[in-house]
Amino acid sequence: MLKNCGRKLVLSLVGATLTCLLVLMVDQQTRQVVVLELPEDKEDSRQLVLEAEQPPAQAVDGQEASADTSKATQTFSSYINKLTRVRRDVEQVATPSTEATKPPVEDITPNDVFIAVKTTKKFHRSRMDLLMDTWISRNKEQTYIFTDGEDEELQQKTGNVISTNCSAAHSRQALSCKMAVEYDKFIESGKKWFCHVDDDNYVNMKTLIKLLSRYSHTNDVYIGKPSLDRPIQATERISESKMVSSMDLLETP
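Following this line, the structure appears as structure tokens:
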């Protein structure tokens, strides 16, 4: 009887000891250690070790919460970076360039500009009537209309209608013919600037004057896009057996 009781007691003690060891091992694994380092410039730099005991389930929840927080932080950071880039781009567009803000080279007025509008008779109603009702009506004295056909109605609206006597075709020869007439009339006017536009363009005179004031009209200045990617050469006969071709001309479409 005593032997049985002693055996049960020993087994109970062994079981309790093993249980305690298992609990200690699990407890050691779930123990978390956080190390905080003070800045190096502190005289009494030291490490603080904080131990925080958490159940396994709570530890998993903490990891998930940390991951969610990290993801949210990255999303917010990306959003802030995007806003910063957009703001920087807007500021660059809104801020005028040095070229645009420099003082004018010379003071000019609309009377210093010769605006040549090239058109053809078939567009007098569909295009020129619209221009006459908009920007040309405010700049009649500066605007000269070059066309290939007579039009009394258009002439009554503005006295600056000039017939070029050139072909209505859209060929290089016809276009160069019209441009030559435009430039001759510009030279006769004695104005400082020559501006050529088509009958489907809108001219803002105020902006044009501001642009031209940045340059000196006594210099050779071309503003705009050439119609061809190569120069046009004109051939001139100087004798029965000799010709010269080295002149660059401007042709407009």
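FYI, the numbering for the sequence shown is -32 to -1, 1 to 221, going by mature numbering (1 follows the signal peptide of the UniProt record, and there is no 0). Note that the Cβ used here is the ideal one computed from N, Cα and C, for glycine as well.
- One thing to note: Lys159 has its Cβ within 7 Å of the Cβ of Phe82.
- By the neighbour-count criterion, in which 16 or more other beta carbons inside 10 Å mark a residue as buried, Ala84 falls on the buried side.
- Annotation: Asp197 to Thr52 spans about 41 Å, alpha carbon to alpha carbon.
- Residue environment: Asp188 is assigned as exposed (fewer than 16 neighbouring CB atoms within 10 Å of its CB, all protein chains considered).
- The continuous beta strand (DSSP E) containing Val165 extends over residues Trp161 to Asp166.
- Of the candidates Ala142, Gln110 and Leu(-20), the residue whose Cα lies closest to the Cα of Cys134 is Ala142.
- Where Ser131 is concerned, there is no enclosing alpha helix (DSSP H), although the beta strand (DSSP E) around it starts and stops at Val129 to Ser131.
- Listed as beta-bridge partners of Thr111 by DSSP are Ile83.
- In summary, Asp152 is exposed, with fewer than 16 beta-carbon neighbours lying within 10 Å of its beta-carbon over all protein chains present.
- Between the C-alpha atoms of Leu176 and Ala137 there is a straight-line separation of about 30 Å.
- When rounded, the separation of the alpha-carbon atoms in Leu180 and Glu208 is 45 Å.
- For the pair Val171 and Trp103, the CB atoms are nearer than the 7 Å cut-off.
- Annotation: Tyr170 is outside any alpha helix (DSSP H) and is labelled neither H nor E by DSSP.
- Separation of Met147 and Asn49 (C-alpha to C-alpha, rounded to the nearest whole angstrom) is 53 Å.
- For Asn107, the closest C-alpha among the options Ser131, Glu118, Lys125 and Ser184 is that of Lys125.
- Rounded to the nearest whole angstrom, the C-alpha separation of Asp97 and Asn169 is 13 Å.
- Under the DSSP assignment, Lys125 falls in the alpha helix (DSSP H) whose first and last residues are Glu120 to Lys125.
- Judged by DSSP in its simplified three-state form, Thr102 adopts coil rather than helix or strand.
- A Cβ-Cβ separation of about 7 Å places Glu150 in contact with Lys86 under the 8 Å criterion.
- The beta carbon of Gly117 sits closer than 6 Å to those of Lys89, all from its chain and outside the five residues before and after it, given in chain order.
- In the three-state reduction of the DSSP assignment, Cys145 falls in the helix class, which pools H, G and I.
- Look at Tyr190 here: in three-state DSSP terms it is coil, with no helix or strand label.
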